[in-house]
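*Asks:* Numbering (this note's numbering), first residue to last: 184 to 528. Glycine included, C-beta positions come from ideal geometry on N, C-alpha and C. Keep in mind that this is a model prediction, so the values were computed, not measured. Could you have a look at this structure, given as structure tokens, before my questions?
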């Protein structure tokens, strides 16, 4: 029944069904989902991609590096320029203590005329005691000025937490992140809370996305790596589920823009992933989306990482070949995202 409901709101599924049942499909050229002038992968060996486009159209890119020991930033006037831009190291991990191991998933945000860079990190002593941290820069250009360590973003529970992102709605700024519940440390789930300033939570912390479907629990039960985009009267959260190998997939939560975003009942989840592994097209384990509304085309672009093979070279975090890719998001008549896993980028 749920699959039928999904088909009803995705007209292209009916076209595919009719084609195969009524007259047999004539081979048609699939539409390109890669932005013009771009070749995928966009950037090699860069996982957890994050892309920010400012009001003047400039692009900034950051990501996890294979060594997990530093934060890089690169800038380009276009996606093509971003693809060939040289990275600049803006911060290195500490030698010991907090922020000294597993520097993961940096995100760049412009808030109140300052740059903030959220990231996750452990310590040399406890590499997988991951917590949320932030850097701050007062310069107009994030590649200028000095990046200062703001502080740890402290949540109510002192447990494994990662992948913080932020957005503003109706004058209120929110943080969305993934964290393990202290009473059930197995699943990592998505939470939301208000921010009193860019690094301080206030009020309730609400669980809005828990791994509940089988495709979200493959290898590791997880909802993490969130990215928010507003479209029409809805707020969409694209997120990653399951392990960081070929089982990883990308799902979507959404809420009405005028809903109480701190009410867990305001958030709804698509029952199937919007992008999953397709070995035929060399896309294995898509994850950690970064979704933007591209200027000036108006296209919705999703940057994500994936590998092009299944058998890893070492462990999930040891294999460096998660590459950044980009794919155009299509939207159906009901205003829901369509990424067409059966097609290549």
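Select from 277, 269 and 349 the residue whose C-alpha is nearest the C-alpha of residue 300.
*Replies:* For the residues 277, 269 and 349, the minimum Cα distance to residue 300 belongs to 349.
*Asks:* Can you check the region 365-406 for any beta strand (DSSP E) of at least 3 residues that lies completely inside it and give the ranges in chain order?
*Replies:* The region 365-406 contains these whole beta strand (DSSP E) runs: 367-380 and 383-392.
*Asks:* Once you ignore the five residues that flank residue 445 on each side, which residues in its own chain have a CB closer than 8 Å to its CB?
*Replies:* So the list reads 375, 376, 377, 386, 387 and 389, once near-sequence residues are dropped.
*Asks:* According to the neighbour-count rule (16 or more other Cβ atoms, all chains shown, within 10 Å of its Cβ), is residue 324 buried or exposed?
*Replies:* Exposed: under 16 other Cβ atoms inside 10 Å.
*Asks:* Take the Cβ of residue 274 as the centre, count every other Cβ of all protein chains shown within 10 Å, and call the residue buried at 16 or more, exposed below.
*Replies:* Per the 10 Å Cβ criterion, buried.
*Asks:* Please report how far the alpha carbon of residue 240 lies from the alpha carbon of residue 478, in whole angstroms.
*Replies:* Whole-angstrom Cα-Cα distance: 6 Å.
*Asks:* According to DSSP, residue 525 sits in a beta bridge with which residue or residues?
*Replies:* Looking at the DSSP assignment, residue 525 forms no beta bridge with any residue, so it has no partner.
*Asks:* On a CA-only basis, which of 217, 216, 221 and 227 is nearest residue 505? Give me that one, please.
*Replies:* The candidate whose alpha carbon is nearest that of residue 505 is 227.
*Asks:* Counting Cβ pairs, one atom from each stretch, are 3 or more of them under 8 Å apart for the region 247-262 and the region 282-290?
*Replies:* Contact between the region 247-262 and the region 282-290 is present, because at least three Cβ pairs lie under 8 Å.
*Asks:* Please return the same chain residues whose Cβ sits closer than 7 Å to the Cβ of residue 430, not counting the five positions on each side in sequence.
*Replies:* Same-chain partners within the cutoff: 401, 402 and 468.
*Asks:* From what residue to what residue does the beta strand (DSSP E) around residue 263 run?
*Replies:* It is not in any beta strand (DSSP E) - residue 263 instead sits in the alpha helix (DSSP H) that spans 262-267.
*Asks:* If we cut at 8 Å on Cβ distances, does residue 288 have a partner in chain C?
*Replies:* No chain C appears in the structure shown, which is made up of a single protein chain.
*Asks:* Does DSSP classify residue 258 as helix, strand or coil?
*Replies:* Residue 258: strand per DSSP, three-state reduction.
*Asks:* Do residue 520 and residue 419 have their C-beta atoms closer together than 8 Å?
*Replies:* Against a cut-off of 8 Å, the Cβ pair of residue 419 and residue 520 comes out as a contact.
*Asks:* Are at least three pairs of beta-carbons, each pair with one atom in the region 356-374 and one in the region 305-314, less than 8 Å apart?
*Replies:* The region 356-374, when compared against the region 305-314, does not touch it at the 8 Å Cβ threshold.
*Asks:* Could you check whether residue 382 and residue 439 sit closer than 8 Å to each other, using their CB atoms as the reference points?
*Replies:* Going by C-beta atoms, residue 439 is not nearer than 8 Å to residue 382.
*Asks:* Helix, strand or coil: how does DSSP classify residue 332 here?
*Replies:* Strand at residue 332.
*Asks:* So, are the CB atoms of residue 392 and residue 372 less than 8 Å apart?
*Replies:* Yes, these two residues count as a Cβ contact at 8 Å.
*Asks:* Which residues share a DSSP beta bridge with residue 271?
*Replies:* DSSP lists 256 as partners of residue 271.
*Asks:* Give the DSSP-derived three-state secondary structure of residue 464 in the structure shown.
*Replies:* DSSP places residue 464 in helix when its eight states are reduced to three.
*Asks:* Among 464, 366, 268 and 352, which has the Cα closest to the Cα of residue 527?
*Replies:* When each option's Cα is compared against that of residue 527, the closest is 464.
*Asks:* Once DSSP output is grouped into helix, strand and coil, what is the label at residue 448?
*Replies:* Correct three-state label for residue 448: helix.
*Asks:* Under the rule that 16 or more other beta-carbon atoms within 10 Å means buried, what is residue 397, buried or exposed?
*Replies:* Label assigned to residue 397: exposed.
*Asks:* With a CB to CB cut of under 7 Å and the five nearest residues on each side skipped, what residues in its chain are close to residue 369?
*Replies:* Closer than 7 Å at Cβ, skipping near neighbours: 404.
*Asks:* Exposed or buried, which one is residue 428 when buried takes at least 16 other CB atoms within 10 Å?
*Replies:* That one is buried.
*Asks:* Less than 8 Å between the CB atoms is what I'm expecting for residue 255 and residue 245, so what's the real figure, rounded?
*Replies:* That belief holds up - the Cβ atoms of residue 255 and residue 245 are roughly 6 Å apart, short of 8 Å.
*Asks:* What does the Cβ neighbour count give for residue 290, buried or exposed, with the cut at 16 atoms within 10 Å?
*Replies:* Looking at its Cβ environment, which holds 16 or more other Cβ atoms inside 10 Å, residue 290 is buried.
*Asks:* Please classify residue 296 as buried or exposed, where buried requires at least 16 other C-beta atoms within 10 Å of its C-beta.
*Replies:* With fewer than 16 Cβ atoms within 10 Å of its Cβ, residue 296 is classed as exposed.
*Asks:* Using only CA atoms, which one of 483, 502, 481 and 261 lies nearest to residue 491?
*Replies:* Nearest C-alpha to residue 491: 502.
*Asks:* So which of 456, 294 and 232 has the shortest CA-CA distance to residue 474?
*Replies:* Minimum Cα distance to residue 474 is reached at 232.
*Asks:* Please look up how many angstroms separate the CB atoms of residue 242 and residue 216, rounded, as I've assumed it's under 8 Å.
*Replies:* Going by Cβ atoms, the distance from residue 242 to residue 216 rounds to 19 Å, so no, they are not a contact pair.
*Asks:* When burial is assigned at 16 or more other CB atoms within 10 Å of the CB, is residue 327 buried or exposed?
*Replies:* Burial call: exposed.
*Asks:* Please report the straight-line C-alpha distance between residue 451 and residue 417, rounded to a whole angstrom.
*Replies:* Spanning the two alpha carbons is a distance of roughly 11 Å.
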